[in-house]
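Numbering (my numbering), first residue to last: 0 to 901.
Where a beta carbon is used, it is the ideal one built from N, C-alpha and C, also for glycine.
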């Protein structure tokens, strides 16, 4: 393979050589080359291709006119590997076949597509190393860019080199290893300029050209072609440093303008055909009366097995030089020769570009293309099709429908600003009741996505009201969304407004789980727990069987339903089932939230290993998908472990971030962690201040779980009134539910503000009830406060019994601060007690990800199964296992059972 020769570039070539060597040794490497047009990025890609001897090469190029076609670049990239699809696990194979239009199917999660590509590349690299080259990545369609960015972040030990060239890398490539490509050094730039100049140049003129082109190789090669000898020698017509890309394009324009009309028309057809298919270009050119086999195209275009331009700026220059009429003719010719069965979307796009004005037939075809794109998961492409469809629509009512669909597609694609612009535009048209409700729902979603808490709740409530008379079920779902938003932003007034509106709705004829949940939540806020208890019980029972699609859509707001009834066993069962649903659906967007919920459920039982594993998996998925995850699970774990330096830093950072974003629930989660931490450390005034630094809302989660901490901290800080007020709030949530969880926590908390024999009875009840549960941290704390109470009443023998039990439990669990608090109390009873910590768990020197892999392999998972669980390739899992074996000084998978007992 040959490419442009390189002048200079020693550092860049050395980096690429090192990359190739590392991949030959079994590693994977990723590098993004950043730089201006013409700076030499493509030449460096060619250098890498030439240097990668013995590699299989895959290549794709971003094309500006192809940006609206979902997965277009990815399909081009994977064409040589499609025969390997049969080797992929069925869900991943189906995902790729769907996005590559090889089959019809449900819209796959884009990250499932990424996992399938990772599998595909990893499998191919087992035969020989792979060099994957992506040029002009700034013009990749968004779906392809997301998938390739996902894959780049997961590569580690697959013998794959991924080199990407981009002018300005998009957000999909953020955080990847990158290198800025600057202009040539002065001496090398002079050498290059001298090699292409038609006549010897005056040294001063040559130096000025070099300086003003900033050593840009393409400018040094192309600009002299646009200047006469006298201009070159005299220094006339030199480029402006501020408009260098434009000057290069102008140079191409001059060359294009001197070509015959038919040659320019052939170039135009090639420029608007994004695939680079020579047959399509030939047939379209022939329809325009242009022979495709012609000479005299001045090196600007090559037509062989692919159509390629000398540089992307040539393509844009050709398009700019053409008249609107000529452009439309070229698009129409291409539409006429494009197969409507194999490439209906590309044909529709050409028809749209060929339209001189509104055209309902083309608008309808674009709408169908949008539906196909949505079915494949290409939301950005769907939005683009719908945008163009709107422009071509004649009927005002249909235009409004399509504008709303375009706004929703843009929002789903992550383009919140575009969705907002469309919603502003649609507001000038007359809307019917349903359209007004749909528009209002989208406005609320936009506000929520931009963390505009006040408007998010208000707009969503207004949307629900508008939907009530025309779409009652949609109205109920919108109210449920508004309830969740109000909780997220900790907005008591909006929560009350939503709940009152829900209470006025007519009851559904056949209420489903979400109907029961919404009614229970509303009653909880308006009338209290006692009134809502029966509905909440029914909702909790129904949520276990919530359909999979509703789990994925509503899990973020529905998990409170089981917490509301204080059913710890039900909470764990629900988390386990919903996690299976998300994993089976490969729903990577929803999985981190459900994993965080699962980490909370396991933390209540004191299974910190499972808690840490859920957190590690959630973090891995969030990192892979590029969706930041609030550290609520980590806050919970650190606070229970009592590790102040780590916990305090994370608490402070979370409070800062939540305050800046207006996320009240984030602040509440951080303050709950602080209250647990400082109660464990025995610094009760700090714990009380943390617990009081929140806005209380009637939600069955963190706001409720904070109350026992406030009672304990206030009672120990000499603030009985604050403690009793918090106890009253807690009792309101527990008294209607006869579970050992509810009654045990209530008894333990009430005992803290009670004296005499009644307190003794409450402590005993708390211990008995919580000992019957799997809630080991809560049970241990019940023994601890009972023992502390007995010691203060000088009942040392009985106090030692309770404190010893508490100490043993807390050490075993790993609650270091609470264990130390129990040890101090035991010392105060006169007992000699040696300071202990939890037995050092085998493999603690492993990283979180290594430990998770080790535990899964210990439990019998294969490398492929571990990879599917953690979104890694099997070869990367094997690489981690080698490191794990070395750290644990073992040599087989079987021995993991010995060093990491279950």
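Determine the closest residue to residue 309 out of 188, 42 and 474, with distance taken between C-alpha atoms.
-> Start at 1 with the first residue of the chain shown, and residue 309 comes out as number 310. It is 42 whose Cα lies nearest to the Cα of residue 309.
Which residue from 665, 597 and 689 puts its Cα closest to that of residue 676?
-> By 1-based counting over the chain shown, the position of residue 676 is 677. Here the closest residue by C-alpha is 689.
Under a Cβ-count criterion, where at least 16 other Cβ atoms within 10 Å of its own Cβ denotes burial, should residue 330 be classed as buried or exposed?
-> Locating residue 330 in the chain shown gives position 331, where the first residue counts as 1. Burial call: buried.
Leaving out five residues on either side along the sequence, give the residues of the same chain with a beta carbon under 6 Å from the beta carbon of residue 857.
-> Working through the chain shown from its first residue, we reach residue 857 at position 858. The residues are 895, 896 and 899.
Are the Cβ atoms of residue 18 and residue 47 separated by less than 9 Å?
-> Counting from 1 along the chain shown, the entry for residue 18 is found at position 19. Counting from 1 along the chain shown, the entry for residue 47 is found at position 48. Cβ distance < 9 Å, so residue 18 and residue 47 count as in contact.
Nearest-angstrom Cα distance between residue 451 and residue 626?
-> Locating residue 451 in the chain shown gives position 452, counting from the first residue. Locating residue 626 in the chain shown gives position 627, counting from the first residue. Those two C-alpha atoms are separated by around 19 Å.
Enumerate in chain order the residues of its own chain whose CB-to-CB distance from residue 670 is below 6 Å, with the five nearest sequence positions on each side excluded.
-> Taking the chain shown and counting its residues from 1, the one referred to as residue 670 is at position 671. Contacts found: 689, 692 and 693.
Test item: CB-CB of residue 816 and residue 640 under 9 Å = Counted from its first residue, the chain shown places residue 816 at position 817. Counted from its first residue, the chain shown places residue 640 at position 641. Yes, the pair counts as a contact, with Cβ atoms nearer than the cut-off.
Alpha-carbon spacing of residue 382 relative to residue 724, whole angstroms | Against the chain shown, residue 382 aligns to sequence position 383. Against the chain shown, residue 724 aligns to sequence position 725. C-alpha separation (whole angstroms): 53 Å.
When you compare only the Cα positions, how much space is there between residue 166 and residue 31?
-> As a working note, residue 166 is residue 167 in the chain shown. As a working note, residue 31 is residue 32 in the chain shown. About 10 Å.
Provide the residue span of the beta strand (DSSP E) that contains residue 164, from first to last.
-> One-based indexing of the chain shown puts residue 164 at position 165. Run containing residue 164: 159–165, per the beta strand (DSSP E) assignment.
Would you check if there are 3 or more beta carbon pairs closer than 8 Å linking the stretch 54–61 to the stretch 129–146?
-> yes
Might you give, ordered along the chain, the residues of its own chain that have their beta carbon closer than 7 Å to the beta carbon of residue 530, omitting 5 neighbours on each side?
-> Within the chain shown, the letter at position 531 stands for residue 530. Taken in chain order, the residues that qualify are 522.
Heavy atom of the ligand ZN less than 8 Å from the Cβ of residue 632, yes or no?
-> The model depicted lacks the ligand ZN and carries no ligand whatsoever.
What are the start and end residues of the beta strand (DSSP E) that includes residue 934?
-> Since the first and last residues shown for the chain are 0 and 901, residue 934 lies out of range.
Could you tell me which residues DSSP puts in a beta bridge with residue 179?
-> As a working mapping, residue 179 is identified with position 180 in the chain shown. According to DSSP, residue 179 bridges with 33.
Can you tell me which of the three DSSP states residue 896 falls into?
-> By one-based count along the chain shown, residue 896 stands at place 897. Three-state DSSP puts residue 896 in a helix.
According to DSSP, which residues form a beta bridge with residue 131?
-> Locating residue 131 in the chain shown gives position 132, where the first residue counts as 1. Paired residues: 57 and 161.
CA nearest to the CA of residue 403, picked from 773, 413 and 428 = In the chain shown, counting from the first residue as 1, residue 403 sits at position 404. Of the candidates 773, 413 and 428, the one whose C-alpha sits nearest the C-alpha of residue 403 is 428.
Count the other CB atoms, across all protein chains shown, that sit within 10 Å of the CB of residue 663; report buried if there are 16 or more and exposed otherwise.
-> In the chain shown, the residue the question calls residue 663 occupies position 664. Classification of residue 663: buried, given that the 10 Å Cβ count is 16 or more.
When the Cα atoms are used, what is the spatial distance from residue 215 to residue 143?
-> As a working note, residue 215 is residue 216 in the chain shown. As a working note, residue 143 is residue 144 in the chain shown. Using only the alpha carbons, I get a separation of about 29 Å.
Best match in 755, 714 and 777 for proximity to residue 744 [C-alpha to C-alpha] = Mapped onto the chain shown, residue 744 falls at position 745. Of the candidates 755, 714 and 777, the one whose C-alpha sits nearest the C-alpha of residue 744 is 777.
Rank 621, 647, 644 and 614 by C-alpha distance to the C-alpha of residue 631 and give the top, closest one.
-> If you number the chain shown from 1, residue 631 lands on position 632. Here the closest residue by C-alpha is 614.
Let me know the secondary structure DSSP gives residue 728 once reduced to three states.
-> Here the question's residue 728 lines up with position 729 in the chain shown. In the structure shown, residue 728 sits in a helix (DSSP, three-state: H, G or I).
Can you tell me which of 377, 470 and 264 puts its alpha carbon nearest to the alpha carbon of residue 328?
-> In the chain shown, counting from the first residue as 1, residue 328 sits at position 329. The residue with the shortest Cα to Cα distance from residue 328 is 264.
Strand pairing of residue 300, partner residues [DSSP] = Stepping through the chain shown from its first residue, residue 300 is reached at position 301. In the DSSP output, where bridge partners are listed per residue, residue 300 has 308.
What do you get for residue 610, buried or exposed, if any count of 16 or more other CB atoms within 10 angstroms of its CB means buried?
-> Residue mapping note: residue 610 aligns to position 611 of the chain shown, counting from 1. With 16 or more Cβ atoms within 10 Å of its Cβ, residue 610 is classed as buried.
Assigned secondary structure, residue 793 (DSSP; H/G/I helix, E/B strand, else coil) | As a working note, residue 793 is residue 794 in the chain shown. Here residue 793 sits in coil by DSSP.
List the DSSP bridge partners of residue 28.
-> Counting from 1 along the chain shown, the entry for residue 28 is found at position 29. DSSP output for residue 28 lists 160 as bridge partner(s).
If you compare alpha carbons, which of 163, 117 and 148 is closest to residue 622?
-> The sequence position of residue 622 within the chain shown is 623, counting from 1. Nearest of 163, 117 and 148 to residue 622, Cα basis: 148.
With DSSP collapsed to three states, give me the class of residue 240.
-> Position 241 of the chain shown, counted from the start, is the residue given in the question as residue 240. Confidence in residue 240 is poor, its pLDDT being 42 and thus under 50, which makes the residue's placement unreliable; the coordinate value appears in the next sentence. Helix at residue 240.
Considering only residues of the stretch 377–415, which uninterrupted beta strand (DSSP E) runs meet the minimum length of 3 residues and lie entirely inside it, listed in chain order?
-> none
Spatially closest choice to residue 886 from 849, 871 and 860, by CA coordinates = Position 887 of the chain shown, counting from 1, holds the residue named residue 886. When only C-alpha atoms are compared, the closest one is 849.
In angstroms, rounded to a whole number, what distance separates the CA positions of residue 179 and residue 878?
-> Mapped onto the chain shown, residue 179 falls at position 180. Mapped onto the chain shown, residue 878 falls at position 879. For residue 179 and residue 878, the distance between alpha carbons rounds to 31 Å.
For the alpha helix (DSSP H) containing residue 577, list its first residue and its last residue.
-> Counting from 1 along the chain shown, the entry for residue 577 is found at position 578. That run of the alpha helix (DSSP H) goes 567–583.
The alpha helix (DSSP H) with residue 561 in it runs from where to where?
-> Numbered from its first residue, the chain shown carries residue 561 at position 562. Per DSSP, residue 561 belongs to the alpha helix (DSSP H) from 559–562.
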